[in-house]
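In my numbering, the protein residues as written are 68 to 293.
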Ligand SMILES: [Zn+2]
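Okay, here's the thing in structure tokens:
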């Protein structure tokens with residue numbers, strides 16, 4: 068569960084970083100547009116000033132020079148206006164990107180919140196199952212003699228989940244070793260309470276024969292053996 072949650076958080080963090088970076092790009096683009104707009108204003112102001120001066124010049128040369136200055140300033144203003152237009156397109160592009168990443172992040176947040184909830188529910192269910200099984204085991208262990216329980220736990224450490232092995236057809240079902248006929252006979256007897264272990268794998272042996280709910284024929288076979 069922690070790994071799954073970490074992966075989900077890493078995905079969200081990646082998307083958040085991408086959105087933050089897109090927003091920063093947009094802010095820069097907006098600032099740059101403002102600067103370009105100021106350039107346009109400055110060139111236009113300058114052209115206007117030259118035009119005002121042109122009415123008061125005395126010589127032809129001075130007039131010509133001013134006209135050149137006006138043309139220059141107007142051309143600069145036009146260039147700056149083109150740059151503003153280009154910048155507007157860059158801004159639109161940046162705005163679209165921010166919008167898209169924002170929508171994607173919201174979608175991921177929703178999906179991951181649902182996934183987290185599911186993971187937590189699964190975990191709670193597993194925990195409950197584990198607690199039930201632990202309580203059951205504790206209750207069962209209480210009924211078992213201490214030395215036998217110790218033996219069981221020692222074997223269970225070596226063979227997790229299968230400290231016991233069934234004997235069927237004279238064989239240990241866990242490792243396949245044949246059991247001594249005398250051992251099998253005692254295992255199948257209802258009265259004998261001795262503990263037998265497989266000589267090869269060391270598991271505690273048990274027999275389901277004679278099976279209490281078995282068909283009469285099988286019961287008869289079991290009875291005949293004992
Ligand atoms: Zn065995």
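Backbone N, C-alpha and C fix where the C-beta goes; we use that ideal spot for every residue, glycine too.
Please read these numbers as outputs of a predicted model, since none were measured by experiment.
Check whether the Cβ of residue i lies closer than 7 Å to any heavy atom of ligand 1, and answer yes or no.
| i | result |
| --- | --- |
| residue 41 | The first residue shown for the chain is 68 and the last is 293, placing residue 41 beyond what the model contains. |
| residue 275 | no |
| residue 75 | no |
| residue 223 | no |
| residue 229 | no |
| residue 254 | no |
| residue 247 | no |
| residue 270 | yes |
| residue 267 | yes |
| residue 244 | yes |
| residue 241 | yes |
| residue 232 | yes |
Output yes or no for whether 8 Å exceeds the beta carbon distance between residue i and residue j.
| i | j | result |
| --- | --- | --- |
| residue 246 | residue 239 | yes |
| residue 270 | residue 208 | no |
| residue 161 | residue 105 | no |
| residue 179 | residue 79 | yes |
| residue 77 | residue 183 | no |
| residue 164 | residue 89 | yes |
| residue 143 | residue 117 | no |
Distance, Cα to Cα, residue i vs residue j?
| i | j | result |
| --- | --- | --- |
| residue 274 | residue 260 | 12 Å |
| residue 252 | residue 276 | 10 Å |
| residue 186 | residue 176 | 15 Å |
| residue 155 | residue 194 | 57 Å |
| residue 228 | residue 215 | 17 Å |
| residue 122 | residue 115 | 12 Å |
| residue 206 | residue 222 | 20 Å |
| residue 225 | residue 73 | 34 Å |
| residue 267 | residue 248 | 16 Å |
| residue 69 | residue 190 | 10 Å |
| residue 125 | residue 96 | 46 Å |
| residue 201 | residue 71 | 26 Å |
| residue 174 | residue 139 | 53 Å |
| residue 290 | residue 255 | For residue 290, the predicted model reports a pLDDT of 44, less than 50, meaning its position is unreliable; a value from the coordinates is still stated below. Between residue 290 and residue 255, the C-alpha separation is close to 9 Å. |
| residue 127 | residue 134 | 11 Å |
| residue 257 | residue 241 | 23 Å |
| residue 265 | residue 212 | 20 Å |
| residue 272 | residue 210 | 19 Å |
| residue 131 | residue 100 | 34 Å |
| residue 218 | residue 236 | 25 Å |
| residue 244 | residue 262 | 17 Å |
| residue 220 | residue 188 | 32 Å |
Could you check whether the Cβ of residue i sits closer than 7 Å to any heavy atom belonging to ligand 2?
| i | result |
| --- | --- |
| residue 181 | Looking at this structure, you won't find ligand 2 anywhere; what it does contain is ligand 1. |
Contact between the segment 80-90 and the segment 143-150 (3+ Cβ pairs under 8 Å) | no
Where in the segment 205-292 do unbroken runs of the alpha helix (DSSP H), each at least 4 residues long, occur, reported from the N-terminal end onward?
-> 213-225, 248-254, 283-292
contact_flag[the segment 165-176, the segment 110-120] where n(CB pairs < 8 Å) is 3 or more | no
Would you list, in sequence order, the uninterrupted alpha helix (DSSP H) runs of no fewer than 4 residues that lie entirely inside the segment 78-165?
-> none
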